[in-house]
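> Taken in sequence, the protein lines are chains A and B.
Mapped onto the numbering used here, the consecutive letters of the first sequence carry residue numbers 1 to 76.
Mapped onto the numbering used here, the consecutive letters of the second sequence carry residue numbers 101 to 129.
Cβ coordinates follow ideal geometry from the N, Cα and C atoms, glycine included.
Model, not experiment: these values are computed from the prediction.
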Amino acid sequence: QNTIQEKTHEFFQMCDIKDKGYITRQDMQRLNGELPLSPEELERVFDTLDSDANGYLTFEEFSLGFSSFVSGQTFP
Amino acid sequence: DPNMKAGAANEGVLASFFNSLLSKKTGSP
Numbered sequence: 001q002n003t004i005q006e007k008t009h010e011f012f013q014m015c016d017i018k019d020k021g022y023i024t025r026q027d028m029q030r031l032n033g034e035l036p037l038s039p040e041e042l043e044r045v046f047d048t049l050d051s052d053a054n055g056y057l058t059f060e061e062f063s064l065g066f067s068s069f070v071s072g073q074t075f076p
Numbered sequence: 101d102p103n104m105k106a107g108a109a110n111e112g113v114l115a116s117f118f119n120s121l122l123s124k125k126t127g128s129p
């Protein structure tokens, strides 16, 4: 559980480049060059994780998405 | 059900996203 929390935090910080405490659509688009996902796919990831659709992805929302991913997968 | 299909597609793209983050962090594909 701690490992998952640590990973969630690491990933959130990778996206939240300026350490704002939330991730914007622009932050997500910036990952385009770093991750093998198209801008459309990154947009879809953002929309899926941003459960209240306010345009800001909080750590809680991000964490929820990551938890559901982990629970549906075999974690290495 | 189109909603279920969209949900499955979103799960797929989320899995790709988190898998990519994991690979990036560990340095393995």
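1) Using 8 angstroms as the cut-off, can you tell me whether the stretch 35–44 of chain A makes contact with the stretch 5–15 of chain A, which would need three or more C-beta pairs spanning the two stretches below that distance?
2) Whose CA, out of A:21, A:20, A:14, A:19, lies closest to the CA of residue 34 of chain A?
3) Are there 16 or more other CB atoms within 10 angstroms of the CB of residue 17 of chain A, so buried, or fewer, so exposed?
4) Please report the straight-line C-alpha distance between residue 23 of chain A and residue 59 of chain A, rounded to a whole angstrom.
5) By alpha-carbon positions, which one of A:49, A:55, A:71, A:56 ends up nearest to residue 117 of chain B?
6) For chain B, is any of its Cβ atoms less than 8 angstroms away from the one on residue 41 of chain A?
7) For residue 10 of chain A, return the contacting residues in chain B, with the cut-off set at a CB-CB distance below 8 angstroms.
Walking through what the data contain:
1) no
2) On the first sequence, position 34 is the one that residue 34 of chain A refers to. Cα-wise, what sits closest to residue 34 of chain A is A:14.
3) Within the first sequence, residue 17 of chain A is the residue found at index 17, counting from 1. Label assigned to residue 17 of chain A: exposed.
4) Walking along the first sequence from the start, residue 23 of chain A turns up at place 23. Walking along the first sequence from the start, residue 59 of chain A turns up at place 59. Answer to the nearest angstrom: the Cα atoms are 8 angstroms apart.
5) Here residue 117 of chain B is taken as the residue at index 17 of the second sequence, counted from 1. Taking only the C-alpha atoms, the option nearest residue 117 of chain B is A:49.
6) As a working mapping, residue 41 of chain A is identified with position 41 in the first sequence. Cβ-Cβ to chain B under 8 angstroms: yes for residue 41 of chain A.
7) Here residue 10 of chain A refers to the residue found at position 10 when the first sequence is read from its first residue. Chain B residues near residue 10 of chain A: 125.
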